[in-house]
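Participant:
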Amino acid sequence: MADGSVVEEYSKRAKTAEDEITSLKRKIEALQNCVVSENESSESASDPELEKFFTENSKLKYQVETLKRSIEEEKANSKKIMTNCQFTLNEMFKKAIAQTFPDLPDAPVMVQASQGEKFGDYQCNSAMAINQILKSKGINSNPRQIAAAILANVPQNDLMQKVEVAGAGFINISLSHNFVSTMLKDILTNGAQPPAVPVKKRCVIDFSSPNIAKEMHVGHLRSTIIGESLSRLLEFAGHDVLR
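Quick note on the numbering used here: the sequence shown kicks off at 17 and runs consecutively.
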């Protein structure tokens, strides 16, 4: 009899353990699927910790879906941009100058459109300004040598066809004919596209409020037209505009 009672006691413990395992499995499956069946609704309702997990899981899934939509929208919008040649060149030479002169954190980056066709399409005039900074620190330097050192660190790219040091240290830049041809073809096919905006901002445009006690004239409309034009340009560039 004693042996029988021991076996019966262990059988009860095993049955209790199996029931607990089954209950835990149901809870795990419910958490993974974020769905509570009708048979488990009463059980989950009596478990506040499980309710908390369900709530947090639902919030996280909603946030994930929102982030996915935002990423897809951003990807779609990023494809519809036009290359800003001067901005792109400025970034290239900024990196090249930083690599050439790591001890000058605020080295000037001066890229601008050329004054004449014989000087190429753009010019980088940073060498002379950097030469003055180095001289002020007691370092002997030469603008042409500085320009050549900067040019050596400019990465290979499809934008520039010819880059050379000229004069006192100017860097003349000629755009690639293939790049210009491709860009013009894209403009003619798809129309003008907005430039790439590194940081999209919220812009507030304040319109004029004419004095109703005075006679209206065309001058009152001018500022309104200017404000609306600015708003449309900013929206076209991708900014959030509040009128």
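Positions of the beta carbon are idealized from the N, C-alpha and C atoms, including for glycine.
1. In the DSSP assignment, what residue or residues form a beta bridge with residue 42?
2. Determine which residues share a DSSP beta bridge with residue 139 and list them.
3. If you reduce the DSSP assignment to three classes, tell me which class residue 240 lands in.
4. For residue 44, count neighbouring C-beta atoms within 10 Å of its own C-beta (all shown protein chains included) and say buried if the count is 16 or more, exposed if not.
5. Does the stretch 210-223 come close enough to the stretch 243-251 that 3 or more CB-CB pairs lie under 8 Å?
6. Hey, residue 210 and residue 98: beta-carbon distance below 8 Å or not?
7. What do you get for residue 186, buried or exposed, if any count of 16 or more other CB atoms within 10 angstroms of its CB means buried?
8. Buried or exposed, going by whether 16 or more other CB atoms sit within 10 Å of the CB of residue 139?
9. May I have the straight-line CA-CA distance separating residue 132 from residue 180, to the nearest angstrom?
Facilitator: On the basis of the supplied data:
1. Beta-bridge pairing links residue 42 to no other residue.
2. 128, 188
3. helix
4. exposed
5. yes
6. yes
7. buried
8. buried
9. 15 Å
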